[in-house]
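Data first, discussion second: the structure below is written as structure tokens.
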Amino acid sequence: MTLTRSRQDVALIAHLLRRAGFGATPYELDEAVEVGYDATLERLLNPVDDYELPTDLIRRYFVDQSDLRNQQACAALWMYQLVHTRAPLREKMCLFWHRVFATGASKLIQGRVVVNQIDMFRKYGMGRFDELLLQLSKDPAMMMWLDNQDNHAHSINENYGREILELFAMGVGNYTEDDIKECARAFTGWRVVNPDYMSIKMRNNTARPYGYISWQFEYDDDDHDHDDKMLLGESGDLNGEDAVDIICRQEATPRFIARHLYHFFVADEPGVPRWPHVGPQDPDAIQAMVDTYFESGYSITEMLRTLFTSEFFKDESARFARIKSPAEMVVGSLRLAGGLEVPSQEAYAAAATCANMGQALLNPPSVEGWQGGEEWINTGAYVQRVNFASATLDDPNKPGVRSIIDRVESSLGTGEVTPEGLVDHLLEILGPIDTLDSTRQGLINYALRFGDISFTDDAAAEKAEKAIVSVIQLIVVTQEYQTI
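With this note's numbering applied, the sequence shown has no gaps in its numbers, which climb one by one up to 569 at the end.
So this is what it looks like as structure tokens:
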């Protein structure tokens, strides 16, 4: 009975670390089990490790990661950060908000401002939603992405006014076309400028060589529409800050954000465009997060705490109920294998593979971002997944792979293990992963070619290492490994 409870504890904490991060190495899982679920969750919600990558070293070898103009360099830099982070939930929330507030380097013709937006998510992404939405509205990448630069008092541009209501905060059906216009009017005068260079104020954001250096937010009161507006039932000489405040008071707002959180952390929902027509899978779960939003003063951290401490998250039916996004697949495999060396061309290859699987970091396909779910899986993407995971975990000298081999050796001592025992042992170490009977039998059939393994002498150890690495490679290409 004690053994059963222990495995249940391990499985629950492993579930938390997959969803609130990118999975755990065996060592990280041991450490989390030692302190327990609640303490592990608090560490995730309140990270204190300020470790930063040695970006000076990266930039010495990769000048494009100093300039950060092209999307490939920016994606590679973020890949480093995703793999090496010691605050996995904070970094995963950056992915979450990048998916919701989708902003692409393709239109902006530079990547640096999107990297800056990700930095903003790190600072505000787990705080108050109204502060996050305000920072988003002032973010130069978002302002240029949705054309608020062209939103003037006497000639409004509705793009941002529409999307902040439709895709960023409330969802279709909770506002009118008039609300869109009034919201756009509230954000007039919010524009992008460059700082001073050689005492010249550069105002033309499309003129090289200065046009893509350092966009900054500026409010121009002369270009703001000061006439009264009526937004979501409230009137006055509203500005952008008023609009954010009004939006965040609406019950539709936390309901919309809660459904995104459920979709990202609990179980795949239908695509966002279907939400006006298809209700949430678990209305009670959504309501619990809505209640927390208002009770906590719009705190995203508290909404996450409600989610991760809930029975709907902890229930066994929620485990492996989501398809891994390409980023989760790539980053999780790299962390399991032992990370990326700094500097390394692997970061570029990993980011490119992520894009080939359908999720180009910093370059979402549209303002709707990625829908996720079954859209992540198709014939081409699955081949990319299989090849990447297998190649990433093919080297017994990688720290993570070596750690797994050492665990198997430690458990065997001077004994030996059958192919069936090896498969079951590795499924526990890598998960625990519960597989279909057919998957498990396929793994065993493959492991049979190695026979019983042991570490009794050098020849046996060499054979054992080959067997362990080969079975690991096969496990990570199974359909079960594609879920989280």
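From the three backbone atoms N, C-alpha and C, an ideal C-beta is built for every residue, glycine too.
Rounded straight-line distance, which links the Cα of residue j to that of residue i
i    : j    : result
M283 : S299 : Caution is warranted here: a pLDDT of 37 is assigned to M283, below 50, making its placement in the model unreliable, and no coordinate value can be reported.
I553 : L507 : 8 Å
A466 : K409 : 12 Å
S395 : Y383 : 19 Å
L317 : A436 : 41 Å
T140 : E380 : 40 Å
N236 : V277 : 11 Å
I569 : F473 : 17 Å
G210 : K266 : 27 Å
N463 : D322 : 50 Å
R534 : A549 : 12 Å
L587 : F540 : The structure shown has nothing for residue 587, since the chain only spans 86 to 569.
G356 : H362 : 11 Å
D400 : I560 : 24 Å
D306 : R270 : 13 Å
I490 : A545 : 13 Å
A226 : A337 : 26 Å
R525 : Y531 : 10 Å
F147 : Q430 : 9 Å
Q335 : W360 : 18 Å
G423 : A117 : 18 Å
Test item: CB-CB of residue i and residue j under 9 Å
i    : j    : result
V95  : L126 : no
D224 : N259 : no
C179 : F214 : no
P449 : R184 : yes
L221 : F272 : no
A445 : Q150 : no
M229 : W275 : no
A238 : D310 : yes
I518 : P111 : no
G256 : R197 : no
E573 : G246 : Absent from the structure is residue 573, since the part of the chain shown begins at 86 and ends at 569.
A575 : A476 : Past the edges of the chain, shown from 86 to 569, lies residue 575, and the structure says nothing about it.
Reference residue i; option with closest CA among the options
i    : options                : result
L101 : G121, Y112, S91        : G121
L421 : D149, K177, I557       : I557
H510 : V493, D519, G498       : V493
R105 : L346, P339, C333       : Inspection of the sequence shows that residue 105 is occupied by Ala rather than by Arg. When only C-alpha atoms are compared, the closest one is L346.
L389 : T499, G108, L129       : L129
G516 : G417, Q456, R470, S555 : G417
R404 : P411, F393, A412       : F393
E387 : I342, H348, N244       : I342
V351 : N233, A328, F398       : F398
E565 : A532, T503, L512       : L512
R344 : I385, I331, P504       : I385
A373 : D522, T391, P358, D123 : T391
Assigned secondary structure, residue i (DSSP; H/G/I helix, E/B strand, else coil)
i    : result
R103 : helix
E550 : helix
K192 : helix
L138 : coil
Y566 : helix
K177 : helix
L497 : helix
I557 : helix
R525 : helix
L447 : coil
G212 : coil
G516 : coil
I98  : helix
E319 : strand
S475 : helix
I538 : strand
Q570 : As displayed, the chain neither begins before 86 nor continues past 569, which places residue 570 out of reach and without an answer.
V198 : helix
V468 : helix
V329 : helix
heavy atom of the ligand ADP below 8 Å from residue i C-beta
i    : result
K208 : No copy of the ligand ADP occurs in the structure displayed, which carries no ligand at all.
Legend entry - Any alpha helix (DSSP H) of 4 or more consecutive residues that is wholly inside the region 215-293: 225-230, 244-248, 262-271
Inset, instruction - Mind listing, in chain order, the continuous beta strand (DSSP E) runs of no fewer than 3 residues lying wholly within the region 390-435? - result: none
Inset, instruction - Kindly provide the ranges of any alpha helix (DSSP H) runs that are 4 or more residues long and lie completely inside the region 141-168, ordered along the chain. - result: 149-152
Inset, instruction - Identify every run of the alpha helix (DSSP H) within the region 354-386, keeping only runs that are complete inside it and at least 4 residues long; order them along the chain. - result: 368-380
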